[in-house]
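S.K.: Just so we're aligned, residue 2 is where the sequence shown starts under my numbering, counting upward by one.
Heads up, the beta-carbon is just placed ideally off N, CA and C, and yes, glycines get one too.
Just passing along the structure, written as structure tokens.
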Amino acid sequence: MKNKTILITGSSGFIGNFFLENALNKGFNVIDILRYKNKNNKRLNELNKKFRYSYNSIFYKNLNEIKKKLYSKKIDFFINFATFYKNTHSHNEIKKFVDSNILFPSIIVDLIFSKVKKVINFGSMMQHLDGKNYKPSNFYSSTKSAFEMILNFYSLNNKNSKLYNIKLYESFANVDKRKKLIPTLIKNYRLNKKTTILSDKLELNIVHIEDIINAIYLILNKNIKSGTYCLKNNTNINIKKLILRINFNSKKKIKIKFLNKKLPRITKTKIKLLPGWTADRKIQQKIVDEFIK
2 MKNKTILITG SSGFIGNFFL ENALNKGFNV IDILRYKNKN NKRLNELNKK
52 FRYSYNSIFY KNLNEIKKKL YSKKIDFFIN FATFYKNTHS HNEIKKFVDS
102 NILFPSIIVD LIFSKVKKVI NFGSMMQHLD GKNYKPSNFY SSTKSAFEMI
152 LNFYSLNNKN SKLYNIKLYE SFANVDKRKK LIPTLIKNYR LNKKTTILSD
202 KLELNIVHIE DIINAIYLIL NKNIKSGTYC LKNNTNINIK KLILRINFNS
252 KKKIKIKFLN KKLPRITKTK IKLLPGWTAD RKIQQKIVDE FIK
């Protein structure tokens with residue numbers, strides 16, 4: 002039986018790169034689409050040498066090149082990990098948000114939607130301030146919602162292809178180097194530096210990267226109904242309590258400064274959980290282990 006082929010975007014990013022290596026190890030054929038500057042990406046080049054027959058990259062300098070390079074490829078699944086994220090935006094960044102989060106994936110979807118069995122698109126709960134409807138919290142999340150509306154157009158006109166919009170709050174892994182709170186805390190802890198946090202009431206809903214990967218395979222392998230689904234943990238993590246727990250169990254203490262900023266509460270999602278999927282209830286312990294190991 003021929004191995005399935007997955008087309009992905011965002012393979013140079015956190016979740017996309019983690020999935021890329023995992024899928025290759027599982028025997029999938031993977032094609033990724035990358036800006037030309039990623040030709041020198043050390044990690045991707047290592048994977049290309051290791052999986053030279055099952056891993057193929059399409060590099061582009063101009064978006065107009067994608068059609069010619071992608072048109073003849075035979076693809077079973079498409080997963081959009083690509084995103085340009087900032088919590089705020091400047092006037093000069095608007096084009097980059099639109100190009101990365103709307104135009105780039107739209108060009109790909111227009112070429113392949115009718116040819117693939119399933120499309121998985123990753124979004125954020127920042128798109129849903131009320132927990133369900135499109136009420137974006139920033140410009141980034143509004144561009145993600147705009148692309149989802151475009152996806153819905155293609156889905157309505159291609160009944161043989163299934164579409165899954167997957168929403169996340171926060172993600173984590175022990176290899177996480179992003180400028181997110183938990184990786185920043187870990188980095189500053191090891192450097193003996195102080196971390197400033199907006200409020201001692203801050204809570205996060207965090208899902209481990211391995212659970213996200215498991216959700217993807219669940220969608221690829223099972224006959225799940227098209228739709229919008231959320232991946233979330235059963236409980237939120239109170240950051241102050243997490244830090245107190247770590248400091249109690251470690252000789253070295255986390256240096257922290259809490260500000261007194263007012264924060265919105267995590268909205269309880271009204272979006273359905275992915276059927277058959279559960280989050281790792283030990284996520285908090287896994288975070289603690291990163292500090293005291």
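Mark LEU245 as exposed unless 16 or more other C-beta atoms lie within 10 angstroms of its C-beta, in which case mark it buried.
M.R.: The residue is exposed, with fewer than 16 neighbouring Cβ atoms inside 10 Å.
S.K.: Among ARG282, LEU221 and LYS74, whose alpha-carbon lies nearest the alpha-carbon of TYR165?
M.R.: Residue LEU221 is the option with its Cα nearest to TYR165.
S.K.: So, using beta-carbon positions, are TYR56 and LEU35 closer together than 9 Å?
M.R.: Taking 9 Å as the Cβ cut-off, TYR56 and LEU35 do not qualify as a contacting pair.
S.K.: Quick check: the Cα distance between ILE7 and GLU22, rounded to an integer number of angstroms?
M.R.: Spanning the two alpha carbons is a distance of roughly 12 Å.
S.K.: In or out: ASP33 buried (at least 16 other Cβ within 10 Å) or exposed?
M.R.: By the 10 Å Cβ count, ASP33 comes out buried.
S.K.: Under three-state DSSP, which class holds VAL117?
M.R.: Coil, per DSSP.
S.K.: Go through the stretch 120-199 residue by residue and report every complete run of the beta strand (DSSP E) that reaches 3 residues or more, in order.
M.R.: Qualifying beta strand (DSSP E) stretches, in chain order: 163-169, 171-173 and 196-198.
S.K.: What does the Cβ neighbour count give for THR229, buried or exposed, with the cut at 16 atoms within 10 Å?
M.R.: Buried, by the Cβ-count rule.
S.K.: Thinking C-beta only, is VAL120 closer than 9 Å to LEU152?
M.R.: Cβ atoms of LEU152 and VAL120: closer than 9 Å.
S.K.: Quick one: grab the DSSP three-state call for LEU244.
M.R.: As written in the sequence, residue 244 is Ile, which differs from the Leu given in the question. In the structure shown, ILE244 sits in a helix (DSSP, three-state: H, G or I).
S.K.: Which runs of the alpha helix (DSSP H), 4 residues or longer, sit entirely within the stretch 16-84?
M.R.: DSSP runs (the alpha helix (DSSP H)) wholly in the stretch 16-84: 43-51 and 67-71.
S.K.: Across which residues does DSSP place HIS209 in a beta bridge pair?
M.R.: PHE173, per the DSSP bridge assignment.
S.K.: Considering only C-alpha positions, which residue in the set SER200, ILE217 and LYS242 is nearest to LEU260?
M.R.: Out of SER200, ILE217 and LYS242, SER200 has the C-alpha closest to the C-alpha of LEU260.
S.K.: Going by DSSP in three states, LYS254 sits in which element: helix, strand or coil?
M.R.: Reduced to three states, the DSSP call for LYS254 is coil.
S.K.: Within 10 angstroms of the Cβ of THR197, are there 16 or more other Cβ atoms? Answer buried if so, exposed if not.
M.R.: Label assigned to THR197: exposed.
S.K.: By DSSP's criteria, GLU204 is part of a beta bridge. Which residues make up the other side?
M.R.: The partner list for GLU204 (beta bridge, DSSP) reads ASN239.
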